[in-house]
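For reference, the structure is listed below as structure tokens.
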Amino acid sequence: MKSKTFSFPFISLLLLLFVVLSAAKSYDFFYFVQQWPGSYCDTRRGCCYPTTGKPEANFTIHGLWPNYDNGKYPHDCDYENLYDATKIEDLLPEMQTKWPTLACPSADGNKFWAHEWNKHGTCSESILNQYSYFQAGLDLQTKANILSILEDADIRPDGALYSTEHITEVIKEALGVLPSIECNRDESRNPQLFQIYLCVDKLGKDFIDCPFYPKRKCSPEIEFPAF
Ligand code: 5GP
Ligand code: 5GP
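Using my numbering, you'd call the opening residue of the sequence shown number 18 and step up by one each time.
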């Protein structure tokens with residue numbers, strides 16, 4: 018019987034397909050994004066506290082987002098591995114404190130975490146499974162400790178105006194990497210400190226200098242509202 022042989026072009030094509038498919042699912046670094054709850058809540062849209070109660074006045078996690086070096090990013094990478102709360106049961110108390118949801122209507126967080134895992138987390142699942150993805154977010158928040166870094170420099174959530182450049186410098190000094198600041202506007206349309214972007218290596222462990230900074234610009238002076 019004649020044995021089946023595959024031609025060189027056929028094998029090359031298969032290899033190429035494999036490389037393209039793996040590249041499409043890979044990523045270069047993470048943005049670790051934290052939000053200031055005071056600035057999420059004092060907007061025209063407002064906010065709703067989670068069903069577990071008002072979060073503590075601290076920067077909380079928005080997300081851990083895989084990104085490409087050129088600024089583009091993958092999303093919604095695996096519909097077969099959607100968010101499953103039972104996989105992170107023992108992280109839930111910490112999630113409720115550090116990764117609370119402030120969107121309306123009030124919720125317990127699962128919808129927010131499902132959105133973050135399904136949209137972003139599934140694109141880094143080659144390295145972090147659901148448990149280690151959320152654990153990485155929680156560990157990074159502890160490591161960054163933005164509020165105490167700012168307060169040590171007398172930058173407090175007291176409704177006063179602060180220099181965006183100074184805020185950026187103080188964080189860079191403390192963490193050794195340049196953050197990116199995102200602003201939004203309060204009900205009176207005043208610009209305020211909303212989110213802090215830090216870049217993290219592919220393993221979700223260490224802060225790195227961003228290969229690409231989000232193209233957002235705050236006013237030179239921004240408010241740091243209370244929460
Ligand atoms: P926005 O338009 O409010 O800046 O972003 C909306 C959503 O798009 C974010 O919450 C996030 O899910 C996604 N997104 C925006 N910019 C980036 C980015 O630079 N990288 C990644 N990975 N996601 C982003
Ligand atoms: P992203 O901007 O990450 O793509 O989407 C965030 C989604 O999660 C939005 O649909 C938003 O309504 C929802 N969400 C729920 N809770 C929060 C929260 O506390 N902060 C932010 N930024 N989004 C939240």
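Glycine included, each C-beta is placed from N, C-alpha and C at the ideal position. Since the structure is predicted, the reported quantities are computational estimates derived from the model, not experimental observations.
Check, Outcome
"Is the distance from the Cβ of W134 to the Cβ of G126 below 8 Å?", "no"
"Could you pull out every residue in the same chain whose Cβ sits closer than 8 Å to the Cβ of D203, ignoring the five residues on either side in sequence?", "S56, D59, T60, Q209, E240 and P242"
"Looking only at C-alpha atoms, which of K219, F211, E238 and E199 sits nearest to P16?", "The chain is shown only over 18 to 244; residue 16 falls outside these bounds and no answer can be derived."
"Using 8 Å as the threshold, is the C-beta distance between C65 and P122 below it?", "yes"
"Quick one: give me the first and last residue of the alpha helix (DSSP H) that H183 is part of.", "T181 to L192"
"Do L178 and F49 count as a contact pair if the criterion is CB distance below 8 Å?", "no"
"Between which two residues does the alpha helix (DSSP H) containing E73 stretch?", "Premise fails: E73 is in no alpha helix (DSSP H) and is neither H nor E."
"Spell out a yes or no on whether the segment 91-102 and the segment 140-151 are touching, meaning 3 or more CB-CB pairs, one atom from each, closer than 8 Å.", "yes"
"Could you give the first and the last residue of the continuous alpha helix (DSSP H) run that contains L109?", "L109 to K115"
"Quick one: grab the DSSP three-state call for E97.", "coil"
"Return the chain-ordered list of same chain residues with a C-beta closer than 8 Å to the C-beta of N98, the five sequence neighbours on each side being excluded.", "T139, E142 and Q147"
"Buried or exposed: where does T77 fall if 16 or more other Cβ atoms within 10 Å of its Cβ makes it buried?", "buried"
"How about T118 and K128: do their beta carbons lie closer than 8 Å?", "yes"
"Quick check: does the Cβ of N201 come within less than 7 Å of any heavy atom belonging to ligand 1?", "no"
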